[in-house]
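S.K.: Taking the working numbering, the leading residue of the sequence shown gets -3, the next gets one more, and so forth. Using N, Cα and C, we set each Cβ at its ideal position, and we do this for glycine too. Quick one: this structure, given as structure tokens, is what I'll be asking you about.
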Amino acid sequence: MAGSGIRVGLIGYGFVGKTFHGPMIAATSGMTLVAVASSRPREVGRDYPDVEVVPTPEDLIARDDLDLVVIASPNETHRLLAEAALRSGKNVLVDKPFMLSLSDARSVVETARLCGKSVSVFQNRRWDSDFLGVKSVIDSGRLGRIAHFESHIEKFDPVPGPGWRDAFVPGAGMWFDLAPHMVDQALLLFGLPTAVTAEIAVIRPESEVDDWFEVILRYPTHRVTLHGSMVVAGGTSRFSVHGAAGSLIKHGADRQEDRLKQGCIPGSPGFGDDDDAMMFHKSDGETETLPTPPGDQMAFYRALAAALRGEKPNPVSTNQALGVMAVIETAIEASKQGRTLPLPLSAEERAGWARAEEALT
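Structure (structure tokens):
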């Protein structure tokens, strides 16, 4: 890296680029946002007056003053932009979903290997308050042997919006939007499943893309249910975990995205606080209130900066990215076929996934 630190170029200044990546790059010690590729130069200029704006991703990738390219453009552009940036000698961070298929993901991973560069995926939700709290209780063993884990993300948008995520284009729809984080969290807790059962559906009459899903990850001794819907006004929990020694319920979701939307500086005092406690329903009938730890999505960018300096492993390795992509793709096929399907990962990919998990523990 250059003496001035890690020089970053950002592709895309829509919701994700503006709300997450721009502020987090700016708040990460040792990182400097140098350039943004966007069709919104005035908006970028208002937010970052000292950052150069270029009109196209190709213009940004061609620069010779960047160490890292962050891809926050529409999902269908991820593979071509990632491979172009890698071939130009840059390290790459891709917003979720990593790619639209397992074959595309493998292609990008191989390109990174051949180019001797790093590629990572923006799995910031590993540091959500709700997930950190639930993970800490599971890891403590207080729930006993886990039998059933449920992860719910529901919204109330009964009428589809005008954005590309609700349009009939590659990578649109609720499953591609939410699955990357929900699957990643499940795999961190329980590892790769033996098989996947899924129903991915359209429930809003005007919708062009999937807006409801229920996906079951099958393990030898337990089940993981991932559920999403665009027509839920409230009353559900973010996480439910049921074990031999009791059940854990976390109702409220992490608030960091809300605070970013409000313009709060990521990592500032109180930024990750979550006053919605977890409820531990014990096997003896007693209920205990457990505090939820603060979230810290900035931890992803700190870890990525350390990895690029050679101090720590990649916070989201290519093997982990392939594992998540395999589950996403298998769920789509399982829903289409109405069957339970195994993951199409090779023995080498499974072993690589296990090594990546061990390196981060």
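Are the segment 209 to 226 and the segment 244 to 264 in contact at 8 Å, needing three or more beta carbon pairs?
M.R.: Of all C-beta pairs linking the segment 209 to 226 to the segment 244 to 264, fewer than three are shorter than 8 Å, placing the two stretches out of contact.
S.K.: So if DSSP puts residue 328 in a beta bridge, which residue, or which two residues, is it bridged to?
M.R.: Bridge partners of residue 328: none, in fact.
S.K.: Grab the span of the beta strand (DSSP E) containing residue 337 for me, first residue to last.
M.R.: Counting along the chain, residue 337 falls outside any beta strand (DSSP E), and DSSP gives it neither H nor E.
S.K.: Please name the residue, chosen from 79, 87 and 144, that lies closest to residue 216 on a Cα-to-Cα basis.
M.R.: 144
S.K.: Please report the straight-line C-alpha distance between residue 167 and residue 338, rounded to a whole angstrom.
M.R.: Straight-line measurement puts the Cα of residue 338 at about 22 Å from the Cα of residue 167.
S.K.: Assess, as a yes-or-no matter, whether the segment 62 to 81 is touched by the segment 36 to 47 under the definition of 3 or more beta carbon pairs within less than 8 Å.
M.R.: no
S.K.: Could you check if residue 304 is buried or exposed, using at least 16 other CB atoms within 10 Å of its CB as the buried criterion?
M.R.: buried
S.K.: Look at the alpha carbon of residue 352 and the alpha carbon of residue 202, and state the distance between them as a whole number of angstroms.
M.R.: 42 Å
S.K.: Are the CB atoms of residue 234 and residue 126 within a distance shorter than 7 Å?
M.R.: yes
S.K.: Are residue 176 and residue 92 close, meaning C-beta to C-beta below 7 Å?
M.R.: yes
S.K.: Which one or two residues does DSSP pair with residue 243 in a beta bridge?
M.R.: Per DSSP, the beta bridge partners of residue 243 are 238 and 277.
S.K.: May I ask you to list the residues that DSSP assigns as paired with residue 208?
M.R.: 197 and 225, per the DSSP bridge assignment.
S.K.: Less than 8 Å between the CB atoms is what I'm expecting for residue 4 and residue 29, so what's the real figure, rounded?
M.R.: 5 Å
S.K.: Pick from 138, 32, 73 and 14: whose alpha carbon is nearest that of residue 280?
M.R.: 138
S.K.: On the three-state DSSP scale, how would you describe residue 389?
M.R.: The chain is shown only over -3 to 357; residue 389 falls outside these bounds and no answer can be derived.
S.K.: Just to confirm, is the Cβ distance from residue 207 to residue 170 under 7 Å?
M.R.: With contacts defined by Cβ atoms closer than 7 Å, residue 207 and residue 170 form a contacting pair.
S.K.: Less than 8 Å between the CB atoms is what I'm expecting for residue 113 and residue 82, so what's the real figure, rounded?
M.R.: 5 Å
S.K.: How about residue 321 and residue 101: are their beta carbons less than 7 Å apart?
M.R.: Yes.
S.K.: Measure the alpha-carbon distance for residue 333 versus residue 327 and round it to whole angstroms.
M.R.: If I take the Cα positions, the gap works out to 10 Å.
S.K.: Does the distance from the C-beta atom of residue 220 to that of residue 213 stay below 7 Å?
M.R.: The answer is yes: Cβ separation under 7 Å.
S.K.: To the nearest angstrom, how far is it from the Cα of residue 250 to the Cα of residue 97?
M.R.: 29 Å
S.K.: Look at the Cβ atom of residue 141, then the Cβ atom of residue 239, and state whether they are nearer than 7 Å.
M.R.: yes
S.K.: Among all the DSSP beta bridges, which residues are the ones paired with residue 95?
M.R.: Answer is none; residue 95 lacks a bridge partner.
S.K.: DSSP three-state call for residue 136: helix, strand or coil?
M.R.: helix
S.K.: What do you get for residue 266, buried or exposed, if any count of 16 or more other CB atoms within 10 angstroms of its CB means buried?
M.R.: By the 10 Å Cβ count, residue 266 comes out exposed.
S.K.: In the DSSP assignment, what residue or residues form a beta bridge with residue 11?
M.R.: None; residue 11 has no bridge partner.
S.K.: Whole-angstrom Cβ separation of residue 264 and residue 146, contact assumed at under 8 Å?
M.R.: The Cβ separation is near 32 Å, so there is no contact.
S.K.: Work out the CA separation of residue 45 and residue 346 for me, nearest whole Å.
M.R.: 46 Å
S.K.: Just list the residues that DSSP pairs residue 146 with in beta bridges.
M.R.: 221 and 236
S.K.: Here's the rule I'm using: 16 or more other beta-carbon atoms within 10 Å means buried, otherwise exposed. How should residue 296 be labelled?
M.R.: Around the CB of residue 296, 16 or more other CB atoms lie within 10 Å, so the residue is classed as buried.
S.K.: With C-beta atoms as the reference, is residue 290 less than 7 Å away from residue 271?
M.R.: In this structure, residue 290 sits away from residue 271, with a CB-CB distance that is not shorter than 7 Å.
S.K.: Please work out which residues of its chain come closer than 7 Å, Cβ to Cβ, to residue 299, disregarding the five sequence neighbours upstream and downstream, and give them in chain order.
M.R.: Closer than 7 Å at the Cβ level, and outside the excluded window around residue 299, lie 308 and 311.
S.K.: Does DSSP put residue 152 in a helix, in a strand, or in coil?
M.R.: The answer is strand: DSSP assigns residue 152 an E or B state.
S.K.: Smallest Cα separation from residue 151: which of 122, 336, 231 and 103?
M.R.: 231
S.K.: Cβ of residue 137 within 6 Å of any heavy atom in the ligand ADP?
M.R.: Of the ligands one can find in the structure shown there are none, so the ligand ADP has no counterpart to examine.
S.K.: Where does the unbroken alpha helix (DSSP H) through residue 307 begin, and where does it stop?
M.R.: Unbroken run through residue 307: none, as it is neither H nor E.
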